[in-house]
Amino acid sequence: MRFPSIIRSYLKLTSFFKLNENYTIKIETDRYLLKTANHYSEIFQLLLLRYRNFLSRSGTFMSFGIDLDEFDSTCDHLIVIDKVKKKICGTYRLRASTYTDIFYSENEFDLNDFLKIPGIKLELGRACIDKQCRDGAVINLLWKGIGLYAKKSQARFLFGCSSIKTLNKDIASSYYRYFKANNLIGTKYKIFPLPQYKENLDCSKELINNIKIELPPLLRTYLAGGAKIYGSPAFDYSFKCIDFLTILDLNQLNLSFKRRFFKEI
């Protein structure tokens, strides 16, 4: 990004954002610092990281060169800073029902049946890790931060869109059948994609059975904790991916997952 573009992007950011941490998180290790972003320079860096990972790779370009939407200014943003390289290498966007009743996932799914039940909900989204830092340390630290945030907000449920980079209906059907076969589809709440994101998944069983299932690391972590998939996938043509609505009830956590990330809850 050229210097004038950086200036324009930064000015847009500062005019849009009002810095305000809803909950303050900080965890430090020898190599990394995890914290809630509380400075414009940190917000700008994480939006650049998201843009490089989500939009530029999918062929979607924005004039300001940052991944910014209307939800960002009212969310908390977990960031992991590499203290050696002095740069942000991971981020997660958090949005709790203690301070909002509007969620990003509602853009793609009808969540009314879920949102009306008792219990504080914490939406997770825009997870992003620099490609040079995907050895497990950064995502583990982010999940520890999520655990601490859930404690501070007294959240009962974690939820959000888990993305798989495809728009192929056969592949989408294959993943959905895999989740059903492995008892990973939840039935407690009626959740379904909005009409503009829904596609017919009636595809050839022979084609579907020949597709190899490779779960993205973030979705794999979610499911390892005891999360369930709700409804068929939403087809997000802007980001060129399918999204599965995922819900994790913190009262029903996998015990090893709880000891690792949520031991204080």
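Quick note on numbering: our numbering labels position 214 of the sequence shown as 214, and the sequence is numbered without any gaps.
Cβ coordinates follow ideal geometry from the N, Cα and C atoms, glycine included.
| Item | Value |
| --- | --- |
| Beta bridge counterpart(s) of lysine 151 as assigned by DSSP | Answer is none; lysine 151 lacks a bridge partner. |
| Those runs of the alpha helix (DSSP H) which lie wholly inside the segment 201 to 242 and span at least 4 residues | 205 to 209, 217 to 224 |
| Sheet register partners of histidine 77 (DSSP bridge) | Arg93 |
| Same chain, Cβ closer than 7 angstroms to threonine 74, five either side skipped, listed in chain order | Thr100 |
| Nonlocal neighbours in the same chain, by C-beta distance under 6 angstroms from lysine 165, ignoring five residues either side | Cys241 |
| Every unbroken beta strand (DSSP E) within the segment 82 to 132, with a cutoff of 3 residues, ordered by chain | 87 to 96, 121 to 129 |
| Alpha carbon of leucine 78 to alpha carbon of aspartate 135, nearest angstrom | 18 angstroms |
| The segment 129 to 143 contacting the segment 151 to 168, beta-carbon criterion three pairs below 8 angstroms | no |
| Where phenylalanine 244 sits in the DSSP three-state scheme | strand |
| Close Cβ partners of leucine 148 (< 8 angstroms) along its chain, the five nearest in sequence each way excluded | Ile25, Ile27, Glu264 |
| Three-state class that DSSP yields for phenylalanine 61 in the structure shown | For phenylalanine 61, the predicted model reports a pLDDT of 46, less than 50, meaning its position is unreliable; a value from the coordinates is still stated below. Looking at phenylalanine 61 - three-state DSSP - the assignment turns out to be coil, as it is neither helix nor strand. |
| Sheet register partners of glutamate 28 (DSSP bridge) | Leu33 |
| Identity of the residue in Gln252, Tyr237, Leu248, Asn53 nearest glutamate 123 by Cα | Leu248 |
| DSSP bridge partner residues for proline 193 (one or two, in chain order) | Phe109 |
| Exposure of glutamine 45, with buried meaning 16 or more beta-carbon neighbours within 10 Å | buried |
| Contact belief for phenylalanine 54 with tyrosine 104 at Cβ below 8 angstroms, rounded distance in angstroms | At roughly 13 angstroms, the Cβ-Cβ gap does not stay under 8 angstroms, so phenylalanine 54 and tyrosine 104 are not in contact. |
| Glutamine 154 beta carbon less than 7 angstroms from that of isoleucine 120 | yes |
| Whole-number beta carbon distance between aspartate 110 and leucine 194, since they are thought to touch under 8 angstroms | 6 angstroms |
| From Arg52, Asn22, Leu115, residue whose alpha carbon lies closest to that of glutamine 132 | Arg52 |
| Lysine 35 versus glutamate 106: straight-line alpha-carbon distance, rounded | 27 angstroms |
| Bridge partners - aspartate 249, DSSP secondary structure assignment | Phe157 |
| Contact under 7 angstroms by Cβ, valine 80 with tyrosine 23 | no |
| Span separating the alpha-carbon of aspartate 82 from that of serine 256 | 27 angstroms |
| Cα-Cα separation between leucine 253 and aspartate 69, rounded to whole angstroms | 31 angstroms |
| Contacts around histidine 39, its chain only, beta-carbon distance under 8 angstroms, and the 5 residues preceding and following it disregarded | Leu19 |
| Threonine 187 versus Asn210, Tyr175, Lys228, residue with shortest Cα-Cα distance | Lys228 |
| Supposed close pair leucine 94, aspartate 76 - CB separation, criterion 8 angstroms | 5 angstroms |
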